[in-house]
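K.L.:
Pasting a structure below so you can have a look.
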Amino acid sequence: RLKTILEGKGDRILNTMRKDMQKASIEEDYERAAVIRDRLDRFEALFQKRLLFDDRLEDPLFLEGIRANENEALKQLLHLPTLHRLECYDISTFSGKQSVASMVVFIDGRVEKSQYRRFRIRGKGNFDPEMLTEVLLRRMKHDEWPQPDLIIIDGGGPQLRSVYPALKRQYAQLPVIIGIAKRPDRLMLPSSPSASLDLRSTRPAPLSIIPLESSSDALHYVQRVRDEAHRFAKQYHVRLRDAVSLVQHD
């Protein structure tokens with residue numbers, strides 16, 4: 022019931038509780054009626070707060086404040102001197118074919134769709150870590166694109182252990198690179214992002230894990246960015262797949 026109310030669908034639940042309270046009163050089960058009444062009062066207050074929050078989401082200034090708070094929370098969590106431009110990358114593939122990648126950009130917590138980019142995977146690798154590595158290396162060659170303060174990749178240890186050393190081989194200075202691993206969502210980053218890894222070592226690079234509370238503003242921001250990268254990659258992949266299917270049926 023609480024989940025339903027938080028999802029903004031509380032009218033039906035509240036009406037059911039009112040009927041239950043009325044029925045208990047008719048049956049002279051006053052103790053049960055009092056319990057339902059108290060619970061109903063709490064849920065009604067919660068529902069009104071949810072409605073007020075939903076209304077405020079239509080206020081651009083209120084939404085701007087939420088985005089700024091999330092951006093600041095992530096900056097502090099990662100001890101970044103500044104967090105202006107954030108880029109996130111995701112891979113979309115189907116049975117190892119027509120693999121593509123997305124790059125989405127957020128500026129100070131806000132979506133910047135004009136700077137989104139798409140990549141077709143050129144290499145023969147069919148695994149996310151290899152494909153992400155290819156995409157990040159291609160992206161770093163674009164000196165004409167603004168440099169990010171933070172790069173997020175959709176994935177955990179395998180992706181970071183592939184991407185980070187490959188970039189360090191070619192670039193002395195890198196933005197902070199983190200991954201978001203699933204189940205549960207948590208952030209992962211090289212233990213010493215500013216330090217050079219021993220690229221000759223065959224041992225897995227050490228990683229730090231940052232577990233976050235589900236209510237964390239920083240986690241909400243990263244999840245929002247990750248979901249947008251996933252949406253954009255999937256959109257491009259479906260478009261290419263449909264184009265190929267159309268050619269095959271002509």
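Residues 22 to 271 in my numbering are what the sequence shown spells out, letter by letter.
For every residue, glycine included, the Cβ atom is placed at its ideal position computed from N, Cα and C.
Note that this is a predicted model, so its numbers are computed, not measured.
Whose C-alpha, out of S120, I230, Y185, Y137, is nearest the C-alpha of L261?
P.N.:
Here residue 261 is taken as the residue at index 240 of the sequence shown, counted from 1. Taking only the C-alpha atoms, the option nearest L261 is S120.
K.L.:
Does the beta-carbon of R221 have 16 or more other beta-carbons within 10 angstroms, so that it is buried, or is it exposed?
P.N.:
Walking along the sequence shown from the start, residue 221 turns up at place 200. Confidence at R221 is low in this model, with a pLDDT of 42, below 50, so its placement is unreliable and the value that follows should be read with caution. So R221 ends up on the exposed side.
K.L.:
Quick check on S229: does DSSP put it in helix, strand or coil?
P.N.:
For this step, residue 229 is matched to residue 208 along the sequence shown. Looking at S229 - three-state DSSP - the assignment turns out to be strand.
K.L.:
Taking only three categories from DSSP, how would you classify D41?
P.N.:
Here the question's residue 41 lines up with position 20 in the sequence shown. Helix at D41.
K.L.:
By the three-class DSSP mapping on this structure, what secondary structure does E108 have?
P.N.:
Your numbering for residue 108 matches position 87 in the sequence shown. Strand.
K.L.:
Where does D175 land, buried or exposed, given buried means 16+ other C-beta within 10 angstroms?
P.N.:
Here residue 175 refers to the residue found at position 154 of the sequence shown. D175 should be labelled buried.
K.L.:
Name, in chain order, the residues that DSSP records as bridge partners for F127.
P.N.:
Start at 1 with the first residue of the sequence shown, and residue 127 comes out as number 106. DSSP, once it has assigned bridges, lists L107, V132 as partnering F127.
K.L.:
Determine whether the beta carbon atoms of L107 and D41 lie at a separation below 8 angstroms.
P.N.:
On the sequence shown, residue 107 is found 86 positions in, with the first residue counted as 1. On the sequence shown, residue 41 is found 20 positions in, with the first residue counted as 1. Against a cut-off of 8 angstroms, the Cβ pair of D41 and L107 comes out as no contact.
K.L.:
Quick one: Cα of T272 to Cα of E49, how far?
P.N.:
Nothing in the structure corresponds to residue 272, since the chain is present only between 22 and 271.
K.L.:
Does DSSP put L210 in a helix, a strand or coil?
P.N.:
Indexing the sequence shown from 1 puts residue 210 at position 189. Looking at L210 - three-state DSSP - the assignment turns out to be strand.
K.L.:
If I measure Cβ to Cβ from G144 and keep anything under 6 angstroms in the same chain, skipping five residues before and after, which residues do I get?
P.N.:
Working through the sequence shown from its first residue, we reach residue 144 at position 123. Excluding sequence neighbours, G144 sits near E155.
K.L.:
Going by C-alpha distance, which of H163, A89, M209 is nearest I173?
P.N.:
Here residue 173 refers to the residue found at position 152 of the sequence shown. Checked all of H163, A89, M209; the closest Cα to I173 is M209.
K.L.:
Pull the bridge partners of G200 from the DSSP assignment, please.
P.N.:
By one-based count along the sequence shown, residue 200 stands at place 179. DSSP, once it has assigned bridges, lists I174, M209 as partnering G200.
K.L.:
Quick check on DSSP: helix, strand or coil for A122?
P.N.:
On the sequence shown, position 101 is the one that residue 122 refers to. The answer is strand: DSSP assigns A122 an E or B state.
K.L.:
Return yes when the C-beta of P205 is under 7 angstroms from any heavy atom of the ligand ADP, and no when it is not.
P.N.:
Judged by which ligands are present, the structure shown has none, so any question about the ligand ADP falls away.
K.L.:
I need the straight-line Cα distance from W166 to Q136, nearest angstrom please.
P.N.:
Working through the sequence shown from its first residue, we reach residue 166 at position 145. Working through the sequence shown from its first residue, we reach residue 136 at position 115. Each residue's Cα considered, the two are about 9 angstroms apart.
K.L.:
Please work out which residues of its chain come closer than 6 angstroms, Cβ to Cβ, to F140, disregarding the five sequence neighbours upstream and downstream, and give them in chain order.
P.N.:
By 1-based counting over the sequence shown, the position of residue 140 is 119. Excluding residues within five positions, the ones whose Cβ falls inside 6 angstroms are A122, V156.
K.L.:
What does the alpha-carbon distance come out to for the pair L158 and P179?
P.N.:
Within the sequence shown, numbered from 1, the residue matching residue 158 stands at position 137. Within the sequence shown, numbered from 1, the residue matching residue 179 stands at position 158. For L158 and P179, the distance between alpha carbons rounds to 17 angstroms.
K.L.:
Pull up the distance between the alpha-carbon of K203 and that of L82, whole angstroms please.
P.N.:
For the purposes of this step, residue 203 is identified with residue 182 of the sequence shown, where counting begins at 1. For the purposes of this step, residue 82 is identified with residue 61 of the sequence shown, where counting begins at 1. Looking at the two C-alpha atoms, the distance is approximately 32 angstroms.
K.L.:
I'd like the span of the beta strand (DSSP E) that includes R159, first residue to last.
P.N.:
Taking the sequence shown and counting its residues from 1, the one referred to as residue 159 is at position 138. First-last for R159: 149 to 161, but that is the alpha helix (DSSP H), not the beta strand (DSSP E).
K.L.:
Quick check on the burial criterion: 16 or more other C-beta atoms within 10 angstroms. Buried or exposed for E85?
P.N.:
Here residue 85 corresponds to residue number 64 of the sequence shown, with the count starting at 1. By the neighbour-count rule (16 or more Cβ atoms within 10 Å), E85 is not buried but exposed.
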